[in-house]
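>
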Amino acid sequence: VKAQGGGTILDLGVYTIQFAQFIFNGEKPLSIKAGGFLNNDGVDESMSATLLYSNNRTATIMTHSLVNLPNEAVVIGTKGTIRIPTFWAPIKVELPSGTIEEPLPQAPHQFNFVNSAGLRFEAMEARECIKS
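In terms of my numbering, the sequence shown has 710 at position 112, counting the first letter as 1, and numbering is strictly consecutive.
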């Protein structure tokens, strides 16, 4: 719903931008080229963007509400490729040297979203920061 700020950029795009900022250590992009499509209500259905960073490094991000994207982050560099499935709440990272998995603890109840049990680590860190 447009009045509530709906659309893929606000709902999903923030995770893709945050991941790019994480990979590039918070560096501000030198330029951004973006495009997308709005539905009949004026809500964005899809977005793709290329962010250009220093030293000709780029991040390409996309969101879409009507197709099933792979929902993973892929980092390609001079030493190989890193693949992170469900990158907003990962339990696995695939490196050139092998795969690392960190299963989540069992929760006493079901969650609406994949790997939400991992949010406990964010909550614990927030608690520690507040205590300090």
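Cβ atoms here follow ideal geometry from the backbone N, Cα and C, with glycine treated the same way. Here the structure is a predicted model, which means the values were calculated and not measured.
Going by DSSP, name the residue or residues bridged to E699.
Paired residue(s): K690.
> So S644 and T661 are in contact, right, with Cβ under 8 Å, and what is the actual spacing, rounded?
S644 to T661, Cβ: 6 Å. Contact.
> Which residue or residues does DSSP assign as beta-bridge partners of M645?
M645 is bridged to G634 and T661.
> Which residues in the same chain have their Cβ closer than 8 Å to the Cβ of Y651, if we skip the five residues on either side of it in sequence?
Cβ neighbours of Y651 beyond the five flanking positions: F622, E625, P627, L628 and A657.
> Can you tell me which of the three DSSP states S629 falls into?
Strand at S629.
> DSSP state of V612, grouped into three classes?
V612 falls in the helix class under three-state DSSP.
> Is D642 closer than 7 Å to N605 when the C-beta atoms are compared?
Inspection of the sequence shows that residue 605 is occupied by Gly rather than by Asn. Going by C-beta atoms, G605 is nearer than 7 Å to D642.
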